[in-house]
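S.K.: My questions all concern the structure below.
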Amino acid sequence: MQVVMAVIGSMCVRSLRGLSHCTRSVFFNSSIYRCGAYRLSTTAAETNNKPEEPAVAASAEKKVEGPTEAEKALLAEKEVLQTELKESKDKYMRALAETENVRHRMKKQVDDAKIYGIQGFCKDLISVADILGKATESVPKEQLTDQNIHLKNLFEGLTMTDSELQKVFIKHGLVKIDPKEGDKFDPFIHEALFEVPNTGNKETGTIALITKTGYKLQDRTIRPALVGVFK
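Residues in the sequence shown are numbered consecutively from 374, following this note's numbering.
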């Protein structure tokens, strides 16, 4: 019986020793945990309270400052280039407009040369037409009979020639100006050589007599009609 009690007592002692060892381990480990937490919190606080580095502060100061000298020089050069570009565009547009005006003037001159290049030749043909007109007017109409067949045929030939010549004139833009008595005088197509006394109720300044027909080449009068007007 004593032996059994001794064995049980030794077992209890060993159990108490193991329990004491575990208790000490737990206490020790909790102390370590508390120390580690304290160290972590201290490190975080130090990190938060750590002052900004000089590079960050310098960068902030740089942002607050205005443009540098190099930037100012670039801005000034940009303004100069923009001004020069605007002036160049303006000169280009002016030159383009002037070129277009010159082109239109040259085209008009070429067209006028084509139209009025025959003006001198037309004036010469007008003289021929005048002669033909006077020749036909000078033939006595009462003598144009079958008994005077030669004169009749000559008159018809002259009339046909004058008619064909007028067709050629019209084809090339040469139009006869043939005013009638009582027409209003137009200084652009008529030339007044004399005045005629107004014995009737004729309007002053109207055409009284026609001494020579005129001609226009397109819209240009190359010979005005020669007329007399009422006073």
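From the three backbone atoms N, C-alpha and C, an ideal C-beta is built for every residue, glycine too.
Is Lys604 near Asn574, with beta carbons less than 8 Å apart?
M.R.: Cβ distance not < 8 Å, so Lys604 and Asn574 don't count as in contact.
S.K.: Verify whether the separation of the beta carbon atoms of His563 and Pro513 is less than 8 Å.
M.R.: In this structure, Pro513 does not lie closer than 8 Å to His563 by Cβ.
S.K.: Starting from Glu564, trace the beta strand (DSSP E) both ways and give me its first and last residue.
M.R.: Segment His563 to Val569, the beta strand (DSSP E) holding Glu564.
S.K.: Check the C-beta distance from Ile550 over to Lys589 and give it rounded, since I have them as a contact under 8 Å.
M.R.: Ile550 to Lys589, Cβ: 6 Å. Contact.
S.K.: Buried or exposed: where does Arg593 fall if 16 or more other Cβ atoms within 10 Å of its Cβ makes it buried?
M.R.: Exposed is the call here.
S.K.: Is it the case that the region 498 to 516 contacts the region 457 to 476, given that we only count it when at least three CB pairs across the two stretches are under 8 Å?
M.R.: Not touching, per the Cβ criterion.
S.K.: What are the start and end residues of the alpha helix (DSSP H) that includes Ile580?
M.R.: First-last for Ile580: Ile580 to Lys585, but that is the beta strand (DSSP E), not the alpha helix (DSSP H).
S.K.: Whole angstroms is fine: what's the gap from Ala443's alpha carbon to Arg478's?
M.R.: About 52 Å.
S.K.: Out of curiosity, what's the CA-to-CA distance linking Phe528 and His545?
M.R.: For Phe528 and His545, the distance between alpha carbons rounds to 26 Å.
S.K.: Just how far apart, CA to CA, sit Leu599 and Glu460?
M.R.: Going from the Cα of Leu599 to the Cα of Glu460 covers about 58 Å.
S.K.: Evaluate Pro440 with the Cβ neighbour count: other Cβ atoms within 10 Å of its Cβ, from every protein chain shown; 16 or more gives buried, anything less gives exposed.
M.R.: So Pro440 ends up on the exposed side.
S.K.: Would Gln492 and Ile595 be called neighbours here (beta carbons separated by less than 8 Å)?
M.R.: A contact, by the Cβ cut-off of 8 Å.
S.K.: Could you have a look at Ile491 and say whether DSSP puts it in helix, strand or coil?
M.R.: Residue state, collapsed to three classes: coil.
S.K.: Grouping DSSP H, G and I as helix and E and B as strand, with all else coil, what is Ser404?
M.R.: Below a pLDDT of 50, predicted positions are generally treated as unreliable, and Ser404, at 44, falls in that range; the measurement from the model is reported next regardless. It is helical.
S.K.: Helix, strand or coil: how does DSSP classify Leu517 here?
M.R.: Coil.
S.K.: Terminal residues of the continuous beta strand (DSSP E) containing Gly601?
M.R.: It spans Ala598 to Phe603 - the beta strand (DSSP E) in which Gly601 sits, taken as one unbroken run.
S.K.: For Val475 and Gln591, what's the separation of their Cα atoms in angstroms?
M.R.: C-alpha separation (whole angstroms): 24 Å.
S.K.: Among Phe542, Leu448, Asp556 and Phe561, whose alpha-carbon lies nearest the alpha-carbon of Leu498?
M.R.: Residue Phe542 is the option with its Cα nearest to Leu498.
S.K.: Throw me the rounded Cβ distance for the Thr518 and Lys525 pair, which I believe falls under 8 Å.
M.R.: Right, the Cβ-Cβ distance comes to about 7 Å (below 8 Å), so this counts as a contact.
S.K.: When we look at the beta-carbon of Val602 and count the other beta-carbons within 10 Å, is it buried (16 or more) or exposed?
M.R.: Val602 should be labelled buried.
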